[in-house]
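Written out below as structure tokens is the structure these notes cover.
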Amino acid sequence: MTYRAKRVSIVTEKLNERQIERIVEEAGATGYTVFEGSGKGSHGVKNRNRSIVSAFSLVKIEVIVSSRETAEAIAERVAETYFENYAGIVYIDDVEILRREKF
Amino acid sequence: MTYRAKRVSIVTEKLNERQIERIVEEAGATGYTVFEGSGKGSHGVKNRNRSIVSAFSLVKIEVIVSSRETAEAIAERVAETYFENYAGIVYIDDVEILRREKF
Amino acid sequence: MTYRAKRVSIVTEKLNERQIERIVEEAGATGYTVFEGSGKGSHGVKNRNRSIVSAFSLVKIEVIVSSRETAEAIAERVAETYFENYAGIVYIDDVEILRREKF
Numbered sequence: 043m044t045y046r047a048k049r050v051s052i053v054t055e056k057l058n059e060r061q062i063e064r065i066v067e068e069a070g071a072t073g074y075t076v077f078e079g080s081g082k083g084s085h086g087v088k089n090r091n092r093s094i095v096s097a098f099s100l101v102k103i104e105v106i107v108s109s110r111e112t113a114e115a116i117a118e119r120v121a122e123t124y125f126e127n128y129a130g131i132v133y134i135d136d137v138e139i140l141r142r143e144k145f
Numbered sequence: 043m044t045y046r047a048k049r050v051s052i053v054t055e056k057l058n059e060r061q062i063e064r065i066v067e068e069a070g071a072t073g074y075t076v077f078e079g080s081g082k083g084s085h086g087v088k089n090r091n092r093s094i095v096s097a098f099s100l101v102k103i104e105v106i107v108s109s110r111e112t113a114e115a116i117a118e119r120v121a122e123t124y125f126e127n128y129a130g131i132v133y134i135d136d137v138e139i140l141r142r143e144k145f
Numbered sequence: 043m044t045y046r047a048k049r050v051s052i053v054t055e056k057l058n059e060r061q062i063e064r065i066v067e068e069a070g071a072t073g074y075t076v077f078e079g080s081g082k083g084s085h086g087v088k089n090r091n092r093s094i095v096s097a098f099s100l101v102k103i104e105v106i107v108s109s110r111e112t113a114e115a116i117a118e119r120v121a122e123t124y125f126e127n128y129a130g131i132v133y134i135d136d137v138e139i140l141r142r143e144k145f
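Structure follows, in structure tokens:
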């Protein structure tokens, strides 16, 4: 028996990690996992006509939540707060969990 | 041409890594990948009324299998064996693979 | 408001990392992330009757692209070029992104 849930994946420059974790906690998530990595991508910059591509150190923060509303709230808050000025992406996908009471 | 498969993701305290890998191998999986990370979450504790939240070192073990039955068998065995007493989650999602014979 | 996109996940021996990143860039992806890990799996070997299982250092390269065609093109090129002779897998899954213009 499995239950549908949502995973939010936030890939961001390492310097934003603590503040994004706070957004995740404030949204009511019961936990998250963090992986360090590297990457290459286009910075979101204020001037939208310009896109700077560079290599950077990053973290990927993954959060499982039971509702689409919570997933979208986290994703939108992170994107609005950080991704105009810092490199990063946020995306949501579907997962099946075993125990609903943990989320 | 792609084929549907299942990915099982197990996030667990590092001390359980070897034993969970044995569960994965015994279930007939042909391989797995392991990533080290950190996280914060609610421990599954025997006394269900109490939930301890703490930061901890973790590993994420990912396994691709061709059948839902194998995916659920791994997920259930891991959850039953470890997640009453240790922090961790297990979840399943859908992926498309290119070559069916590898799994 | 979210948009459907595809994530390509490439798990490969570390020595192939740079060349696979070049395939990803040539396919038109705007970025990718890389995580180091370890794993165990069956090598794809030219002689298909033989399968060597070994532990190895690996990287996981994740790429978000907006079209299924680009995702499959990357996956097929990587599989054809590397996975006859090196350990590794490539798979595709569905994700929802917030901002279509970044991909």
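These protein sequences, in sequence, are chains R, C and G.
Each residue of the first sequence is one higher than the one before, counting from 43 in our numbering.
Each residue of the second sequence is one higher than the one before, counting from 43 in our numbering.
Each residue of the third sequence is one higher than the one before, counting from 43 in our numbering.
Positions of the beta carbon are idealized from the N, C-alpha and C atoms, including for glycine.
On a predicted model such as this, the values are computed, not experimentally measured, just so you know.
Within-7 Å CB hit, residue i to chain G
i	result
residue 75/C	yes
residue 140/C	yes
residue 92/R	Confidence is the limiting factor: at residue 92/R the pLDDT is only 41, short of 50, which leaves the residue's position unreliable, though a coordinate-based value still follows. Closer than 7 Å: no.
residue 124/R	no
residue 133/R	yes
residue 71/R	no
residue 79/R	yes
Within-7 Å CB hit, residue i to chain C
i	result
residue 82/G	yes
residue 137/R	yes
residue 45/G	no
residue 50/G	no
Chain R within 7 Å of residue i, Cβ atoms only
i	result
residue 89/G	Bear in mind that the predicted position of residue 89/G carries a pLDDT of just 39, short of 50, making it too unreliable to give a figure here.
residue 53/C	yes
residue 56/C	no
residue 86/G	Any reading at residue 86/G needs caution, since the residue's pLDDT is 40, under 50, leaving its predicted position unreliable; the model's value is listed next. Judged by the 7 Å Cβ criterion, residue 86/G is not in contact with chain R.
Contacts around residue i, its chain only, beta-carbon distance under 7 Å, and the 5 residues preceding and following it disregarded
i	result
residue 46/C	136 and 138
residue 110/G	48
residue 44/C	138, 139 and 140
Cutoff 6 Å; reference residue i; Cβ partners in own chain excluding five residues on either side
i	result
residue 132/G	52, 117, 120 and 121
residue 71/C	105 and 107
residue 113/C	48, 50, 107 and 134
residue 83/R	129
residue 81/G	100
Residues of its chain near residue i, where Cβ-Cβ distance is below 8 Å and the 5 sequence neighbours each way are ignored
i	result
residue 115/C	69
residue 64/C	none
Taking only runs that begin and end inside the stretch 92-129 of chain G, name each unbroken alpha helix (DSSP H) of 4 or more residues, in chain order.
-> 110-124
Any contact of the stretch 53-69 of chain C with the stretch 45-53 of chain G, i.e. 3+ C-beta pairs under 8 Å?
-> no
Would you check if the stretch 76-83 of chain C and the stretch 113-121 of chain R touch, i.e. whether three or more CB-CB distances between them fall below 8 Å?
-> no
In chain order, which beta strand (DSSP E) runs of at least 3 residues are fully inside the stretch 46-92 of chain C?
-> 74-84
Got a sec: which bits of the stretch 103-116 of chain G sit with their beta carbon under 7 Å from any beta carbon on chain R, in order along the chain?
-> 106
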